[in-house]
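Trainee: Under our numbering, the first residue of the sequence shown carries the number 244, and numbering increases by one thereafter.
Where a beta carbon is used, it is the ideal one built from N, C-alpha and C, also for glycine.
Please read all numbers here as calculations on a predicted model, not as lab measurements.
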Amino acid sequence: MNVETNVKAVNNVNNANSERLLNTLRLLYVEDDHEALEELAHFLKKRVASLAVASNGLEALDHCKHQTFDAILCDLWMPKMDGFTFIQTLRESGIQTPVIITSAFSDLDTILKAIDLGIVKYCVKPIEADELLDSLTRIALDKLTASGEVALTGGRLMDRQQRLEAEKALKSGFAHLLKSLTGKGPREVHVSLGTGDVEIWATDVQSPIETSLRGLAEHAGMVPYLRKSLYTGYKQRFEALLKDHLDADGSLTDIRIMADENTDWLVFKLQK
């Protein structure tokens, strides 16, 4: 196996984040070829939180009875119990741990049979290290984001506390900027940090004159126009909030003014 030590980025996940994610994984590696097992195990144990190994499906099942794994890397053709039977037995027992298959066989029937068992990746031997680490990083990211332990925003990986602090800082920065531009700060600001975007809702944002205009039927349409003009005119200053508080570059892509609800909604697209 030609092992490459560089970690390929996973979408918005940079190298440092990939290493951090991999360091949370509890991995089971199942392979009957002793030389291949030793070589890949040596490579993986430096990168994952813990690594258990087995030479066949029966040994792997015994591991799964006594330990919980975040991912399983499994060969298909092994003595005593092959990979297909091992995975099927796992699924029948209710264990849904993500499985990556490794095999020298790349025929369609074998691949489709493996897919039917709910695998997440089929790696044809010889294994490419960057492809394998890419798949393991995705599994780790899915696990941690599903549990709420981490969030990925614009390439920045944040734990729960860091996310709360970033949201708080962005709320404060947005409220301060809006007040400095209009003389009226919002009553409430809500921030939603996504993988590729940031949404901001601000309520009770209208100045006294805007509230008065909204009460005049012939001028009510001016309020959405004025507020949208505010955000487009000072677009760069609002985008700078992302850099200041998230260390991320982004563009203001959507502005919705809900004048009757006295609410503004902004969407920023984060750069990869």
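Does the separation of the CB atoms of residue 270 and residue 407 fall below 9 Å?
Mentor: Not a contact, by the Cβ cut-off of 9 Å.
Trainee: What does DSSP give as the partner residue(s) for residue 499 in the beta ladder?
Mentor: Answer is 508, bridged to residue 499.
Trainee: Where do the N-terminal and C-terminal ends of the alpha helix (DSSP H) with residue 414 fall, by residue?
Mentor: Counting along the chain, the alpha helix (DSSP H) containing residue 414 begins and ends at 403–425.
Trainee: Could you give the first and the last residue of the continuous alpha helix (DSSP H) run that contains residue 309?
Mentor: Where residue 309 is concerned, the enclosing alpha helix (DSSP H) stretches over 300–309.
Trainee: Tell me the residue span of the alpha helix (DSSP H) that contains residue 454.
Mentor: Per DSSP, residue 454 belongs to the alpha helix (DSSP H) from 451–457.
Trainee: Check the DSSP bridge columns for residue 318 and list the partner residues they point to.
Mentor: Bridge partners of residue 318: 345.
Trainee: Looking at residue 484 and residue 416, is the spacing between their C-beta atoms short of 9 Å?
Mentor: Their beta carbons are under 9 Å apart, which means residue 416 touches residue 484 by this criterion.
Trainee: State the beta-bridge partners of residue 269 as determined by DSSP.
Mentor: Paired residues: 293.
Trainee: Taking 8 Å as the cut-off, does the segment 432–439 touch the segment 457–475 (at least 3 CB pairs, one atom from each stretch)?
Mentor: No: the two stretches stay apart, fewer than three of their Cβ pairs being nearer than 8 Å.
Trainee: What residue range is occupied by the uninterrupted beta strand (DSSP E) comprising residue 441?
Mentor: Where residue 441 is concerned, the enclosing beta strand (DSSP E) stretches over 440–446.
Trainee: Could you say which of 312, 411 and 514 lies nearest to residue 443 if we only look at CA atoms?
Mentor: Checking every option, the nearest Cα to that of residue 443 belongs to 411.
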